[in-house]
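*Asks:* So the sequence shown is numbered by the UniProt record's numbering: it starts at 1 and just counts up by one. Here a beta-carbon is modelled for each residue, glycine too, at the ideal position from N, C-alpha and C. A quick note: this is a predicted structure, and the numbers were derived from the prediction, not measured. Have a look at this one before I ask anything.
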Amino acid sequence: FLKPRPFRDAVVVPCRMCAAQGNHDQLYTWAAVNQPTHSLDPLEGKLPGQLKGHWFPAKPGGDIGPGLKSTEAELFSKSAVKEKKQPLSDTITKSKVVKLLNNKRSQAVGILMSSLHLDMKDIQLAILNLDNTVVDLETLQALYENRAQQEELDKIEKHIKASKDKENAKPLDKPEHFLHQLSLIPNFSGRVFCILFQSSFSECMSSIMKKLDTLQRVCKALQDSPTVKQVLGLVLAFGNFMNGGNRTRGQADGFTLDILPKLKDVKSSDGMKSLLSYIVSYYLRHFDEDAGRETCVYPLPEPHDLFQSSQMKFEDFQKDLNRLRKDLKGNTHTHTHTQFLELTVFFSVKAKSGEKEPSPNTLFCVWHEFSSDFKDQWKKENKVILKERLKAAEECFRQAKEKASYSVKPKHASGIVSSSFTLVLVILSRFVQQKFAKNWYK
């Protein structure tokens, strides 16, 4: 049978021994409830003053119930709130400090100091030994940019001298003290600059030389390449032929470069072909012996190189070289500039309004547009020529196959195969080579 539940106003109280075994420094999540007092007089309608609790009797070893220990009951207990005490340094009144920097400058130096996880001794050794293994380049760059200016150093040194013999002199604030310690490193600015310059010199030189090499290569190709002269000669010849009825324009000795991008807009009478595509086709079929093959070389400078050259400015080169002038001789820049000016004279390019001399953008933008259009037509015409070569090879193979008999003669005693079968193998090998060349142009 089930035990009867206690009355509504009855309170179950744990045994004293179990409660005594708990941790007195911890408070349980529920509040204690006092047992109400009851009279033993049954006429008052009251219950007995004390009811037997449902707690199990205490056992040795800290157990408070079957399978339940006091340590497990403490999992749901609430720790007592302890009073927090302020650090000893906060209770002491801080002495006033001297601030010689403005608020913005002081805040910037303070942020730098908080980001550094190094001792001043490590910084001093790294700078004196020109070593960037302990202090990285980014930190050295920040130290160099936030170094103390001469006016700030004068104020700091003046305050230090004035307060040297005073007993109650106010100390410097942390940012001012930090800048003063950096200034004590012998030749701090020069040493840090050398470390940073050494790391960036190779990268900067490589970038400048790469741009100059591209510009030199493009200038030399446009002025000395025989294939460029052949393409320009075709443009002049076809232009004179089209203007044959005009005595003035039909016998021209040259043309301005702004005509080159307009060749794609000149259409044939049937509207199926442009003058540019015809010039490309004529060049490949009459001047390029490797047309349609893997060894075919583009006759003009690459559009990518022309675009890069058009974006260059000699003023930018001068600015970059000025930063390296102490350790770099700028002969390469001067030679390239002279070579470019000779190229502008070669093509009769004039400076735009507001320019002292023609810029690379003025010359190479025209060539970039023309070379891009020319290369598109060059690829298309190469594919057409390749198909024609494959068709001719297939026809040759078909004719040779019809002439040759299908019955293969037995080998001679010397081991030599008959000549007709050898001819078929040679033609077949050439056909396979053409197939591989076709895949290259896809």
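Can you check whether the CB of GLU145 is closer than 8 Å to the CB of LEU284?
*Replies:* Within the sequence shown, numbered from 1, the residue matching residue 284 stands at position 284. Within the sequence shown, numbered from 1, the residue matching residue 145 stands at position 145. No, they are not a contact pair.
*Asks:* Work out the CA separation of LEU276 and SER268 for me, nearest whole Å.
*Replies:* Residue numbering aside, residue 268 sits at position 268 when the sequence shown is read from its first letter. Residue numbering aside, residue 276 sits at position 276 when the sequence shown is read from its first letter. In a straight line, the C-alpha of SER268 is about 10 Å away from that of LEU276.
*Asks:* Assign HIS368 to buried or exposed, taking buried as 16 or more other Cβ atoms, counted over all protein chains shown, within 10 Å of its Cβ.
*Replies:* Position 368 of the sequence shown, counting from 1, holds the residue named residue 368. Buried, since its Cβ has 16 or more Cβ neighbours within 10 Å.
*Asks:* For a test of the three-state rule: what should DSSP assign to SER274, helix, strand or coil?
*Replies:* Your numbering for residue 274 matches position 274 in the sequence shown. Looking at SER274 - three-state DSSP - the assignment turns out to be strand.
*Asks:* Can you list, in chain order, the residues of its chain with a C-beta nearer than 6 Å to that of THR227? Leave out the 5 residues immediately preceding and following it.
*Replies:* One-based indexing of the sequence shown puts residue 227 at position 227. If we look at THR227 and ignore the five residues flanking it on each side, its Cβ neighbours are PRO299.
*Asks:* Output the residue ranges of the alpha helix (DSSP H) runs that lie fully inside the region 85-161 and measure 4 residues or longer, sorted by chain position.
*Replies:* With a minimum length of 4 residues, the continuous alpha helix (DSSP H) runs that stay inside the region 85-161 are 88-91, 103-115, 120-128, 137-145.
*Asks:* Using the Cα positions of ASN187 and MET120, report the straight-line distance between them to the nearest angstrom.
*Replies:* The residue you call residue 187 lines up with position 187 of the sequence shown. The residue you call residue 120 lines up with position 120 of the sequence shown. Approximately 16 Å, taken between the alpha carbons.
*Asks:* Do you know how far the Cα of SER106 is from the Cα of GLN124?
*Replies:* On the sequence shown, residue 124 is found 124 positions in, with the first residue counted as 1. On the sequence shown, residue 106 is found 106 positions in, with the first residue counted as 1. Those two C-alpha atoms are separated by around 22 Å.
*Asks:* On the CB-based measure, 16 or more other CB atoms within 10 Å of its CB, does THR336 come out buried or exposed?
*Replies:* Start at 1 with the first residue of the sequence shown, and residue 336 comes out as number 336. Result: buried.
*Asks:* Using the three-state DSSP reduction, which class does PHE241 fall into: helix, strand or coil?
*Replies:* In the sequence shown, counting from the first residue as 1, residue 241 sits at position 241. Note: PHE241 maps to helix in three-state DSSP.
*Asks:* Rounded to a whole number of angstroms, what is the C-alpha to C-alpha distance between SER206 and TYR282?
*Replies:* Within the sequence shown, numbered from 1, the residue matching residue 206 stands at position 206. Within the sequence shown, numbered from 1, the residue matching residue 282 stands at position 282. Roughly 41 Å between the two C-alpha positions.
*Asks:* Checking the sheet assignment: what are the DSSP bridge partners for LYS267?
*Replies:* To locate residue 267, count along the sequence shown from 1; it is residue 267. Its beta-bridge partners are SER274.
*Asks:* Taking just the CA atoms, how far does LEU324 sit from SER202?
*Replies:* Taking the first residue of the sequence shown as position 1, residue 202 is located at position 202. Taking the first residue of the sequence shown as position 1, residue 324 is located at position 324. So the two alpha carbons sit approximately 11 Å from each other.
*Asks:* Between LEU257 and VAL366, how many whole angstroms is the CB-CB distance? I'm expecting something under 8 Å.
*Replies:* Against the sequence shown, residue 257 aligns to sequence position 257. Against the sequence shown, residue 366 aligns to sequence position 366. Right, their Cβ atoms sit about 5 Å apart.
*Asks:* Would you give the residue range spanned by the alpha helix (DSSP H) that GLY190 belongs to?
*Replies:* Within the sequence shown, numbered from 1, the residue matching residue 190 stands at position 190. Looking at the DSSP string, the run of the alpha helix (DSSP H) that includes GLY190 is 188-224.
*Asks:* When every heavy atom of the ligand GDP is checked, does at least one fall within less than 7 Å of the C-beta of THR256?
*Replies:* With respect to the ligand GDP, the structure shown offers nothing to examine, as it has no ligands at all.
*Asks:* By DSSP, does LEU172 sit in helix, in strand, or in coil?
*Replies:* Stepping through the sequence shown from its first residue, residue 172 is reached at position 172. Residue state, collapsed to three classes: strand.
*Asks:* How is the alpha helix (DSSP H) around VAL384 delimited, first residue to last?
*Replies:* Looking up residue 384 in the sequence shown gives position 384. Run containing VAL384: 360-403, per the alpha helix (DSSP H) assignment.
*Asks:* For a test of the three-state rule: what should DSSP assign to VAL231, helix, strand or coil?
*Replies:* Taking the sequence shown and counting its residues from 1, one reaches residue 231 at position 231. Correct three-state label for VAL231: helix.
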